[in-house]
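Protein chains in written order, with our numbering: chain A, 1175 to 1420; chain B, 1175 to 1420. The beta carbon of each residue, even a glycine, is placed where N, CA and C say it ideally should be.
2 protein chains.
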Amino acid sequence: MNDTSFNPRDCGTCPIRHRAVCSRCEPDELEHLDDIKYYRTYEAGQPVIWAGDPMEFVASVVTGIATLSQTMEDGRTQMVGLLLPSDFIGRPGREQAPFDVVAVTDLTLCCFRKKPFEDLMGSTPSIGGRLLQMTLDELDSAREWMLVLGRKTAREKIASLLMIIARRDAALHKRLPKDGMEFDLPLTREAMADYLGLTLETVSRQISALKKAGVIILQGKRQVQIPDLQRLVSETGDDVDGGHIF
Amino acid sequence: MNDTSFNPRDCGTCPIRHRAVCSRCEPDELEHLDDIKYYRTYEAGQPVIWAGDPMEFVASVVTGIATLSQTMEDGRTQMVGLLLPSDFIGRPGREQAPFDVVAVTDLTLCCFRKKPFEDLMGSTPSIGGRLLQMTLDELDSAREWMLVLGRKTAREKIASLLMIIARRDAALHKRLPKDGMEFDLPLTREAMADYLGLTLETVSRQISALKKAGVIILQGKRQVQIPDLQRLVSETGDDVDGGHIF
DNA sequence: CGCATACTTTGATCAGGATCAAAGCAAGAT
DNA sequence: ATCTTGCTTTGATCCTGATCAAAGTATGCG
């Protein structure tokens, strides 16, 4: 299922699959749109935007990873979204960013200036429809995550995060997750803790426990191999045959 | 407050404020739409739909309260949404309900058959736009809730829930929350626990603690009065002047 | 090379909330 | 009036994950 054949109308990373917008899709038709669309890169660790900042663009992640998070006055932080390639950032119709966005790895965004993008949405209903679908998907993901945060044990939380990253990594490479698959853990222990509502020590301990139990194999601290997917799924506490949105 | 002046173009409860759709808005123009739109009532405790069921309608809450929730195989339950009047239920473009929907109180829904509704969305872009805005709001709410679930203490969680209900109750009556305001707690201790990722005993203890501390005044078990809103806000752990989406 | 920095692991102890158990309370049914 | 049912409160104890502390590891740099 790796369609290595590049479809010019659908570059696979840009969520706005409409020829009037994505120049990776139809580069030659788009010179006149350079003023509404541009690429922007960030280094690992750099903030993209802070909660409350005016946000004059919307964007989609082309390469790299960013996090969406919220921080309380006393420093407690909760990550509320993990932005991987093809994910969308932004709020048509909103003035301010509701959450912090930070680049975790080096990051490339495909940005659209907000006003012209909104105009385009008005004149091209299919963009709004696609955005609605993406937003509904994100909402479902967020709600699935609420179950993880509210009801799962530390061990189940770690397993759930590994499964999400495994699934998304597989999807990114246009294949299905399978036994023996390997992937890079893109997050520090602290970032995982912020995602899971745990402390970094607990994350470290549970990862060690999963390693000792043979559920995962670690090469170094970041490279993960899953010898038996079913085994990992059973550690998540999820229904084994449950439909997944991620 | 009871806006007894009924605006025929905007009934205030139906999110689809478009004259072609909401018969409460333009009852006389809509006879021919009876086959796509209908009201349906549920008794307290009745399920509206189970996760995985085919969903052949979308709806908005007219009166009453429903919950969106997820349950694990072993019975652990997490509520992922609280549906109050004017909230929308459903997924244009989706076959199956992703979560359980249960009526908490007696409930009236304003339902639209899915297929004709989707057709209508296609022909009336403003509906899609409105739905996108509502979905983005819900997504923000879900993400705010992730902070509550992941990082707040039991006491902060209770205070946060009370604030949300207070805000939404005030909004429903078209006024601002203010000191001394009273409202009905529409949820059992168990339902609150499911919303907050706690046990019902912890909910009970923390409510007692807030009562003893004078943050809230209880008349019976469900009627709540907030003598000092700022005091309650400070118990939530939130930034006092933080912008709120709810 | 030694040192600094950032991240991770591991250990010891503590505490918040879960669990188990029982009793209180209100409303409706018999 | 008594019983039943469903919800809530309160108490005693336990356990998971937080907190505090220190050591281990990798990488880059002067």
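Among the residues of its own chain, which have a CB less than 6 Å from the CB of residue i, if the five just before and after it don't count?
i               : result
residue 1255(A) : 1242
residue 1380(B) : 1328, 1329, 1332
residue 1343(B) : 1357
residue 1359(B) : 1396, 1398
residue 1367(B) : 1373, 1374, 1377
residue 1195(B) : Residue placement at residue 1195(B) is flagged as unreliable, the pLDDT there being 40, under the threshold of 50; the coordinate-derived value follows with that caveat. Cβ within range, chain order: n/a, list empty.
residue 1411(B) : 1326, 1330
residue 1384(B) : 1390
residue 1334(B) : 1322, 1410
residue 1402(A) : 1353
residue 1304(A) : none
Going along the chain, which residues of its own chain have a beta-carbon closer than 7 Å to the beta-carbon of residue i, five neighbours each way excluded?
i               : result
residue 1273(B) : 1225, 1242, 1243, 1244, 1254
residue 1372(B) : 1328, 1331
residue 1238(A) : 1277, 1279, 1280, 1281, 1282
residue 1340(B) : 1351, 1355, 1357, 1400
residue 1270(A) : 1226, 1227, 1228, 1229
residue 1392(A) : 1385, 1398
Determine, for residue i, whether the minimum Cβ-Cβ distance to residues of chain B falls below 8 Å.
i               : result
residue 1195(A) : Low local confidence applies: a pLDDT of 41 at residue 1195(A) is under 50, so the model's placement there is unreliable, and no value is given.
residue 1273(A) : yes
residue 1316(A) : yes
residue 1405(A) : no
residue 1280(A) : no
residue 1220(A) : no
residue 1413(A) : yes
residue 1335(A) : no
residue 1229(A) : no
residue 1320(A) : yes
residue 1313(A) : yes
residue 1421(A) : Because chain A here runs from 1175 to 1420, residue 1421(A) falls outside it and cannot be looked at.
residue 1246(A) : yes
Should residue i be flagged as near chain A, meaning a C-beta pair shorter than 8 Å?
i               : result
residue 1329(B) : no
residue 1323(B) : yes
residue 1250(B) : yes
residue 1187(B) : Here residue 1187(B) scores only 43 on pLDDT, less than 50, and its place in the model is too uncertain to base an answer on.
residue 1408(B) : no
residue 1217(B) : no
Please name the residue or residues paired with residue i in a DSSP beta bridge.
i               : result
residue 1365(A) : None, per the DSSP bridge assignment.
residue 1252(A) : 1244(A)
residue 1391(B) : 1399(B)
residue 1221(B) : 1276(B)
residue 1358(B) : 1397(B)
residue 1215(B) : 1282(B)
residue 1234(B) : 1262(B), 1284(B)
residue 1270(A) : 1228(A)
residue 1257(A) : 1240(A)
Just checking my contact of residue i with residue j at CB under 8 Å: how many whole Å lie between their CB atoms?
i               : j               : result
residue 1302(A) : residue 1306(B) : 6 Å
residue 1405(A) : residue 1389(A) : 6 Å
residue 1313(B) : residue 1252(A) : So it is not a contact: roughly 15 Å between Cβ atoms.
residue 1268(B) : residue 1250(A) : With 8 Å as the limit, residue 1268(B) and residue 1250(A) do not qualify as a contact, their Cβ atoms being about 35 Å apart.
residue 1298(A) : residue 1310(B) : In fact, because the Cβ distance is near 18 Å, the residues do not count as touching under 8 Å.
residue 1295(B) : residue 1266(B) : 6 Å
residue 1210(A) : residue 1291(A) : 7 Å
Sorted by chain position, which residues of the same chain lie with C-beta nearer than 8 Å to residue i's C-beta, five sequence neighbours on each side aside?
i               : result
residue 1346(B) : 1258, 1259, 1260
residue 1365(B) : 1241, 1253, 1278
residue 1213(B) : 1236, 1282, 1283, 1284, 1285
residue 1288(A) : 1229, 1230, 1231, 1232, 1264, 1266
**OP:** Anything in the segment 1340–1364 of chain B with a Cβ closer than 8 Å to a Cβ of chain A? List those residues in chain order, please.
**Re:** none
Subject >> Interface positions of the segment 1283–1309 of chain A facing chain B (Cβ-Cβ less than 9 Å), listed along the chain >> reply: 1295, 1296, 1299, 1302, 1303, 1305, 1306, 1307, 1309
Original post:
Going along the segment 1252–1273 of chain A in order, which residues come within less than 9 Å of chain B, judged by CB to CB distance?
Top reply: 1252, 1253, 1254, 1255, 1265, 1266, 1267, 1268, 1270, 1272, 1273
Subject >> Under 8 Å (Cβ pairs) to chain B, residues found in the segment 1231–1244 of chain A >> reply: 1242, 1244
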